[in-house]
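Novice: In this note's numbering, the protein residues as written are 193 to 429.
Note that the Cβ used here is the ideal one computed from N, Cα and C, for glycine as well.
A quick note: this is a predicted structure, and the numbers were derived from the prediction, not measured.
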């Protein structure tokens with residue numbers, strides 16, 4: 193069975209609206225048959241990205257090989273994660289979700305990441321490029337993001353340095369340990385500040401610049417606060 197993008201969008205919206213309505217206690221929800229049908233369409237669309245994802249990952253390994261032996265990984269977004277994103281972003285159409293398939297390459301330094309991004313933009317069908325190094329996200333996240341269109345499907349490519357990847361992994365761990373809203377701009381203030389300070393320190397390190405003593409001191413002060421927060425969150429769980 194092949195579905196149109198219109199059918200994909202309607203299925204995504206129906207499923208997300210149903211979860212939102214059930215959480216709000218609404219009695220106006222689709223029938224079980226409608227939900228099952230919508231779920232099948234979403235899963236079909238998800239798996240439509242599997243082959244393009246593998247192709248992009250394989251080709252990316254070729255492109256980054258000149259930078260040594262960078263680490264390249266890939267992941268297909270899980271069904272619940274797709275629906276959660278549709279709930280968080282009500283205006284998003286499922287057919288336009290650009291990160292159902294994602295590839296990540298770990299480059300030795302920022303210059304290498306920019307060189308790979310430049311080659312990809314010259315030779316691939318790149319429909320979007322975002323430089324979160326030049327303009328980091330509010331929480332301190334840094335990386336280069338490119339959206340490639342391959343065989344009609346959008347695949348996200350992330351290019352990171354080791355320090356940027358270390359930062360992202362720490363944010364993921366903190367999110368799991370007690371700050372689940374961290375990825376979406378929420379979470380405790382001291383946790384968000386620690387990530388912002390750590391991002392600033394990493395930027396200075398990658399530019400071979402000295403780290404001011406007050407920044408070092410603030411970093412370790414926040415580490416202590418966050419350690420206490422994590423311990424308390426673990427005790428409550």
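Can you tell me whether residue 263 is buried or exposed, with buried defined as 16 or more other CB within 10 angstroms of its CB?
Specialist: Exposed is the call here.
Novice: Extract the residue ranges of the alpha helix (DSSP H) inside the segment 196-279, only unbroken runs of 4 or more that lie entirely within it.
Specialist: Complete alpha helix (DSSP H) runs here, min 4: 197-215, 224-239 and 242-256.
Novice: For a minimum of 4 consecutive residues, which ranges assigned as the alpha helix (DSSP H) are wholly contained in the segment 307-338?
Specialist: Whole alpha helix (DSSP H) segments, 4+ residues: zero.
Novice: Which same chain residues end up closer than 6 angstroms to residue 335 when comparing Cβ atoms and leaving out the 5 residues on each side of it in sequence?
Specialist: Contacts found: 324, 350, 352 and 356.
Novice: Just verifying my parser: in three-state terms, what is the DSSP assignment at residue 399?
Specialist: In this structure, residue 399 counts as coil in the three-state DSSP scheme.
Novice: Alpha carbon to alpha carbon, how far is residue 332 from residue 387? Give it in angstroms, no decimals.
Specialist: Between residue 387 and residue 332, the C-alpha separation is close to 6 angstroms.
Novice: Less than 9 angstroms between the beta carbons of residue 408 and residue 390, yes or no?
Specialist: In this structure, residue 390 does not lie closer than 9 angstroms to residue 408 by Cβ.
Novice: Taking 8 angstroms as the cut-off, does the segment 227-243 touch the segment 297-317 (at least 3 CB pairs, one atom from each stretch)?
Specialist: Contact between the segment 297-317 and the segment 227-243 is absent, because fewer than three Cβ pairs lie under 8 angstroms.
Novice: What residue does the beta strand (DSSP E) around residue 348 start on, and which one ends it?
Specialist: Its beta strand (DSSP E) spans residues 345-352.
Novice: Quick one, are the C-beta atoms of residue 274 and residue 234 less than 9 angstroms apart?
Specialist: In contact: residue 274 and residue 234 (Cβ atoms closer than 9 angstroms).
Novice: What's the gap between the Cα of residue 403 and the Cα of residue 392?
Specialist: Using only the alpha carbons, I get a separation of about 9 angstroms.
Novice: Opposite residue 296 in the DSSP bridges: which residues?
Specialist: According to DSSP, residue 296 bridges with 265 and 350.
Novice: By Cβ distance below 7 angstroms, which residues in the same chain neighbour residue 200 in space, the five residues on each side in sequence not counted?
Specialist: 233, 237, 286 and 287, listed in sequence order.
Novice: Could you say if the segment 309-320 and the segment 337-346 meet the contact criterion of at least three C-beta pairs nearer than 8 angstroms?
Specialist: The segment 309-320 is in contact with the segment 337-346.
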